[in-house]
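For the sequence shown, the numbering used here assigns the number 1432 to the initial residue and increments by one for each residue that follows.
These notes are about the structure you will find just below.
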Amino acid sequence: MDNSPRRVTQGLNRVEFHARAPNLDSTVRRIRGNRALPTLQIRATQFRFHFQTLFRSAPPMTDLAAFFRTRRMLAIVLVVLLLAGIVAGVGAWSGWFSHRNPLLDSPQLALEGLQAKSLYYNGRAKPWLLSLRPDLLAPEDRNPESDRSRGLMQAVENPQLFRQLDRKYRFDALLLTGDPSEYKPLLDHLNETKDWTLRYVDHTSMIFRRDSGRPWELADFAPVRARFARSRARDRAEVLAETAVKLFAAKQADAGKALLDEASHIAPNEPHGANALATYYLGRGEWRQAMEQVERALSVDKQFLPALATKTQILYGTRRYSEAYALSSELIEKLPNDPNLLFYHAKIAHEAHAYQAEVDSLGKLIAQAGAEGRPIGGYQLTSGRRIRRWAMRRGRSRRSWWRWMIRVCRWISGISRGRISRGSRSGRGCRITAARRVWRRRTL
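What follows is the structure, encoded as structure tokens:
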């Protein structure tokens, strides 16, 4: 028997050639008849083809490798991998797979570098000061019933009271947190006077300092932008848009518009950016452009509350009071205890002649302000005037209704008697009387 390496190689090639044949039984017989192969190799090859005989539906190993080498499967695999790479890249760039940045809902950035010996703050900032920077609070600030705490809460709506507190405590920094509409009277007063300068602004807060010299510039926003550099695109756009709204309220429209343009470039379909742009047009009195931006924000999110509030202001400004009242009622149902919405709802209800809703909103405002220690004099005065006007108009309507009913009854009785009223000499009354006389003569 020739067991040379060359003979063994030829035998293996012959076995592999016959292994590709469709009839595996004949292949096994050929393997058994090949005496040139060693016994171990014959047994291994025989076991392999017996295994394939049991599972004829499965392709051979050589066919399986060829299957994966085909152009069609290779193209499919490449396309799938390419799509997966694109989705992963876009998701990583836009932040789909990351969570909402907690700094979006916290004034932590404004409080980190804030230093003040005597600090004024509004009501929205007090809980954050207690949790993050209690060292900035005076001992009286921890007691909500103290005169200082009540005065600080009331001064956002009364600039004269703020000046009294300023002369008493001599503030060196002002911290205003939340939506600018909550402290609009005080902010307008600060914009008119020149003794306070805006030194810091972000998406949650504004910080003013007394006679600080150089005002805030757009380059000062770089640290805030750097803190959100790795956040989602929508989060970065929200930060820019909310900061722009505060800049508009601080009479820095150019810087706010620059941030809005950047937000639109980062996330074109972000509702915060569209709503901020609507606020920009609203301040300029461009109602059509403002409504277009509001509708664009609502097309992304129909229940976006800031856009609904802006749309209410646009409808009120264009004297579409009925539509504004309906939309404001929806906002009140979702946020029934918001003081700004309640007061604005009372104004809209007055113009829409919904006097009962106006009085109810003012009454709720008075109750809330009394419980929180805020000033209620303005609310009481406004509510008293509204109630008086509502009662007078209601009385007039009732009197006019009774007068109208009396006139109708007299007119009906005049027709039944053949005349409009007593002493009526109108042509119609004479014709009715003459017709009745003719009808009576014919019937008799």
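We treat Cβ as the ideally placed atom computed from N, Cα and C, and that holds for glycine.
Measuring CA to CA, which of the options is closest to residue i?
| i | options | result |
| --- | --- | --- |
| A1604 | A1681, K1733, A1668, Y1551 | Y1551 |
| E1754 | N1768, L1736, H1776 | H1776 |
| E1673 | A1650, M1637, R1663, M1722 | M1637 |
| D1536 | P1558, K1548, D1626, G1544 | P1558 |
| A1650 | F1774, R1641, G1687 | G1687 |
| D1626 | D1633, T1635, G1644 | G1644 |
| L1567 | L1542, A1689, K1742, D1685 | L1542 |
| T1635 | R1641, L1671, R1663, N1622 | L1671 |
| T1624 | A1681, Y1600, S1612, S1662 | A1681 |
| H1582 | G1609, E1669, N1553 | One point to set straight first is that residue 1582 is Gly, not His, in the sequence displayed. It is N1553. |
| Y1783 | R1727, D1578, L1729, R1751 | The sequence shown places Ala at residue 1783, not Tyr. A1783 has its Cα closest to that of R1751, out of R1727, D1578, L1729, R1751. |
| P1538 | R1531, V1632, I1517 | V1632 |
| K1599 | R1579, K1677, R1564, T1608 | R1579 |
| R1961 | A1515, G1520, Q1720, G1516 | Any question about residue 1961 goes unanswered here, given that the chain covers just 1432 to 1875. |
| A1738 | L1618, V1676, P1616, Q1683 | V1676 |
| L1729 | Y1711, A1707, Y1747 | A1707 |
| P1533 | R1658, H1620, D1619, G1609 | R1658 |
| D1597 | R1641, L1762, A1506, L1736 | R1641 |
| F1593 | D1619, L1690, V1511, L1762 | D1619 |
Rounded to whole angstroms, what is the Cα-Cα separation between residue i and residue j?
| i | j | result |
| --- | --- | --- |
| R1630 | K1733 | 36 Å |
| P1702 | R1715 | 20 Å |
| A1556 | A1709 | 27 Å |
| R1656 | A1698 | 15 Å |
| L1560 | K1795 | 28 Å |
| K1759 | V1508 | Contrary to the premise, residue 1759 reads as Ser rather than Lys in this sequence. Distance between the alpha carbons of S1759 and V1508: 55 Å. |
| Q1595 | P1770 | 25 Å |
| W1718 | F1679 | 17 Å |
| S1792 | A1660 | 43 Å |
| S1549 | P1767 | 35 Å |
| N1622 | D1685 | 16 Å |
| E1588 | Y1614 | 6 Å |
| Q1585 | T1749 | 32 Å |
| E1726 | S1612 | 22 Å |
| P1646 | F1652 | 12 Å |
| L1606 | F1639 | 7 Å |
| K1778 | N1700 | 32 Å |
| A1802 | G1544 | 33 Å |
| Y1756 | L1617 | 27 Å |
| E1789 | F1774 | 9 Å |
| W1654 | L1540 | It is worth fixing the name first, because residue 1654 is Pro in this sequence and not Trp. Their backbone Cα atoms lie some 9 Å apart in a straight line. |
| E1669 | A1694 | 7 Å |
| A1515 | A1547 | 52 Å |
| Y1786 | T1608 | 33 Å |
| Q1591 | L1746 | 32 Å |
| F1602 | E1723 | 42 Å |
| L1772 | I1763 | 7 Å |
| E1761 | L1691 | 28 Å |
| T1628 | F1735 | 33 Å |
| Y1712 | D1610 | 18 Å |
| P1570 | E1576 | 12 Å |
Would residue i be called buried (16 or more neighbouring beta carbons within 10 Å of its own) or exposed?
| i | result |
| --- | --- |
| A1798 | exposed |
| D1666 | buried |
| L1513 | exposed |
| A1740 | buried |
| K1765 | exposed |
| Q1744 | buried |
| I1517 | exposed |
| G1704 | buried |
| A1780 | buried |
| R1564 | buried |
| A1721 | buried |
| R1868 | Interpretation of R1868 is limited by its pLDDT of 49, a score under 50 that renders its predicted location unreliable; no figure is taken from the coordinates. |
| M1492 | Bear in mind that the predicted position of M1492 carries a pLDDT of just 49, short of 50, making it too unreliable to give a figure here. |
| A1506 | exposed |
Would you give the residue range spanned by the alpha helix (DSSP H) that residue i belongs to?
| i | result |
| --- | --- |
| R1665 | 1664 to 1680 |
| L1690 | 1684 to 1697 |
| L1542 | 1539 to 1543 |
| N1706 | 1702 to 1714 |
| V1655 | 1653 to 1658 |
| G1582 | 1578 to 1585 |
Give a yes or no on whether 9 Å exceeds the smallest Cβ distance from residue i to chain C.
| i | result |
| --- | --- |
| L1739 | In summary, chain C is missing from the structure at hand, where a single protein chain is found. |
In terms of residue numbering, what span does the beta strand (DSSP E) encompassing residue i cover?
| i | result |
| --- | --- |
| S1636 | 1636 to 1641 |
| L1567 | Here L1567 belongs to no beta strand (DSSP E), and DSSP marks it neither H nor E. |
| L1550 | 1550 to 1552 |
Counting only runs of 3+ residues fully inside the region 1594 to 1632, write out the beta strand (DSSP E) ranges in chain order.
1604 to 1608, 1627 to 1632
Length-filtered (4 minimum) alpha helix (DSSP H) runs lying within the region 1725 to 1809:
1736 to 1748, 1752 to 1765, 1770 to 1782, 1786 to 1803
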